[in-house]
Amino acid sequence: MRPKNRCDTLRPSAEAVTVNARIGVMALPGRTRRQRPTKGERHLIGARLPIADAVKLADVVEAKGTTVSEYVAELLHQHLSTVEIDQISHQEALPIARAS
177 MRPKNRCDTL
187 RPSAEAVTVN
197 ARIGVMALPG
207 RTRRQRPTKG
217 ERHLIGARLP
227 IADAVKLADV
237 VEAKGTTVSE
247 YVAELLHQHL
257 STVEIDQISH
267 QEALPIARAS
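Residues in the sequence shown are numbered from 177 upward in steps of one, following the numbering used here.
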């Protein structure tokens, strides 16, 4: 069955709207608020989670009183501080004597 008009195909599902509203996916345009001091240079990292994980994440950050961005940034920082790049590259340095 074809949609009545093209706009019908662009509407997200009711489930997606509910989850997006809970985790605060988008800010409403035109709203202004007092801004907090900067935390320095940042780079945006995005990930798509299964709906169940996104809902659980929303529950966790609500219980902790933080934001999704701050919570995920802290988790990644903790994990990345334990990673040794040399151990995961799996590439040995070629000794000069063997190179010739």
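Using N, Cα and C, we set each Cβ at its ideal position, and we do this for glycine too.
Values in this document were obtained by computation on a predicted structure and should not be read as measured data.
Under the rule that 16 or more other beta-carbon atoms within 10 Å means buried, what is residue i, buried or exposed?
i    : result
A228 : exposed
A239 : exposed
A223 : exposed
Let's see if you can read the secondary structure: which residues bound the alpha helix (DSSP H) around residue i?
i    : result
Q254 : V244 to L256
A230 : I227 to K240
Q263 : I261 to S265
If you measure between the beta carbons of residue i and residue j, is that distance less than 8 Å?
i    : j    : result
T243 : V236 : no
Once the 5 residues before and after residue i are set aside, which same chain residues still bring their CB inside 8 Å of it?
i    : result
L225 : L233
Using CA coordinates, which residue listed in the options is at the minimum distance from residue i?
i    : options             : result
A230 : L256, S245 and H219 : S245
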